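Here's the structure, in structure tokens; my notes come after.
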Amino acid sequence: MESSGGDEGAAGRGPRVLVVGGGIAGLGAAQRLCRYPAFRHLRVLEATARAGGRIRSERSFGGVVEVGAHWIHGPSQGNPVFQLAAKYGLLGDKELSEENQRIDTGGHVALPTVSYASSGESVSLGLVVEMGHLYYRLIDQSREFLHAAEAPVPSVGEFLKKEIRQHLASWTEDEETKKLKLAILKNFLNIECCVSGTHSMDLVALAPFGEYTVLPGLDCTFPGGYQGLTNCIMASLPQEVMVFNKPVKTIHWNGSFQEAESPGEKFPVLVECEDGDCFPAHHVVLTVPLGLPTSSVGSSLDLSLSSWRHCQMRRCFCL
Numbered sequence: 017m018e019s020s021g022g023d024e025g026a027a028g029r030g031p032r033v034l035v036v037g038g039g040i041a042g043l044g045a046a047q048r049l050c051r052y053p054a055f056r057h058l059r060v061l062e063a064t065a066r067a068g069g070r071i072r073s074e075r076s077f078g079g080v081v082e083v084g085a086h087w088i089h090g091p092s093q094g095n096p097v098f099q100l101a102a103k104y105g106l107l108g109d110k111e112l113s114e115e116n117q118r119i120d121t122g123g124h125v126a127l128p129t130v131s132y133a134s135s136g137e138s139v140s141l142g143l144v145v146e147m148g149h150l151y152y153r154l155i156d157q158s159r160e161f162l163h164a165a166e167a168p169v170p171s172v173g174e175f176l177k178k179e180i181r182q183h184l185a186s187w188t189e190d191e192e193t194k195k196l197k198l199a200i201l202k203n204f205l206n207i208e209c210c211v212s213g214t215h216s217m218d219l220v221a222l223a224p225f226g227e228y229t230v231l232p233g234l235d236c237t238f239p240g241g242y243q244g245l246t247n248c249i250m251a252s253l254p255q256e257v258m259v260f261n262k263p264v265k266t267i268h269w270n271g272s273f274q275e276a277e278s279p280g281e282k283f284p285v286l287v288e289c290e291d292g293d294c295f296p297a298h299h300v301v302l303t304v305p306l307g308l309p310t311s312s313v314g315s316s317l318d319l320s321l322s323s324w325r326h327c328q329m330r331r332c333f334c335l
């Protein structure tokens, strides 16, 4: 959110900028802004006592357990997360190798080498490979409607289930084998939900699904924990930039706000926190989750930050 006015050059101090949210998007925005001397008055308001958002590596179990983000999808030079991880020395030689970066997975998760049914019995690898190839062919087809005049069904989930039903009608195996095939396909569908960040592919629109760009590189993890990335970004910021435990209640804009410490200066934006503290600014960069419920009331935005703080999945952009 950017202001449409205000005396940014008052007393030669430059514009005052606030970033709402200390996840990877907020930290990335702050890091970029701190490169320019004009943005000396920058603050990041984070609702919790820690930065990183959904990136959190837990070490109290004797090792590294990723509570939030796990992988770098498509670790190659076109991936900004990979570039940062390489810059900070957070990856191993295998992940950094040119060979690994050139592997083209097509956006598909690697097939398992061993699979078991819920009964504990092993599942034929040939059957898993057969269903895997079928599923990957269907998911590739679901990306072909990007520029179509009209999608056949609203969601990716509906498209996949429709196509699977058609294949089911042609299967000649016994009922148990058919059930096993469907179970394998359902497992692939569940994995796709993880990749797409949803609990149901019925909620993912079919028409724009092809917009997702698949980068080369075999998906990899951070040997020392994903949180090492946000820790390094944090270390690059001036100490006074981060303001923790400041859940935002409302953002008021298109106004003319003042503060006692800056007599005569007017700010077009005012960020009000739940504890009553208010932060006037010339510009606000909002990095809350895409799924955050919002409602516009007059010239203010009620962010419903109580739901923000308890949201377990934040879909953010790394700037």
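In terms of my numbering, the sequence shown opens at residue 17 and continues consecutively.
Backbone N, C-alpha and C define an ideal beta-carbon position, used for all residues, glycine too.
A quick note: this is a predicted structure, and the numbers were derived from the prediction, not measured.
Residue range of the beta strand (DSSP E) that includes residue i
| i | result |
| --- | --- |
| V33 | 32 to 36 |
| T266 | 264 to 268 |
| H183 | First-last for H183: 172 to 184, but that is the alpha helix (DSSP H), not the beta strand (DSSP E). |
| A297 | 294 to 297 |
Assigned secondary structure, residue i (DSSP; H/G/I helix, E/B strand, else coil)
| i | result |
| --- | --- |
| A199 | helix |
| F283 | strand |
| T129 | coil |
| S272 | coil |
| C1 | Given that the chain is displayed from residue 17 to residue 335, the structure contains no residue 1 and the question cannot be resolved. |
| E166 | coil |
| L302 | strand |
| I71 | coil |
| G25 | Caution applies to G25, whose pLDDT of 47 falls short of 50 and renders its modelled position unreliable; the value that the coordinates give is listed next. If DSSP states are grouped into helix, strand and coil, G25 belongs with coil. |
| S135 | coil |
| I119 | coil |
| V81 | strand |
Alpha helix (DSSP H) segment containing residue i, residue limits
| i | result |
| --- | --- |
| A102 | 96 to 103 |
| V145 | 141 to 157 |
| R59 | Unbroken run through R59 is the beta strand (DSSP E), 57 to 61; no alpha helix (DSSP H). |
| V48 | Here residue 48 is Arg; the residue named in the question, Val, does not match the sequence. Unbroken alpha helix (DSSP H) run through R48: 40 to 49. |
| A251 | 243 to 251 |
| D109 | 109 to 112 |
Environment of residue i [buried if 16+ CB atoms lie within 10 Å]
| i | result |
| --- | --- |
| Y151 | buried |
| H1 | The structure shown does not extend to residue 1, since the chain is modelled only from 17 through 335, so no value can be given for it. |
| G142 | exposed |
| Q117 | buried |
| V33 | buried |
| L106 | buried |
| K8 | Any answer about residue 8 is impossible in this case: the structure gives the chain only from 17 up to 335. |
| T303 | buried |
Interface flag, residue i vs chain B, CB-CB below 8 Å
| i | result |
| --- | --- |
| A167 | Of the protein chains in the structure, only one exists, and it is not chain B. |
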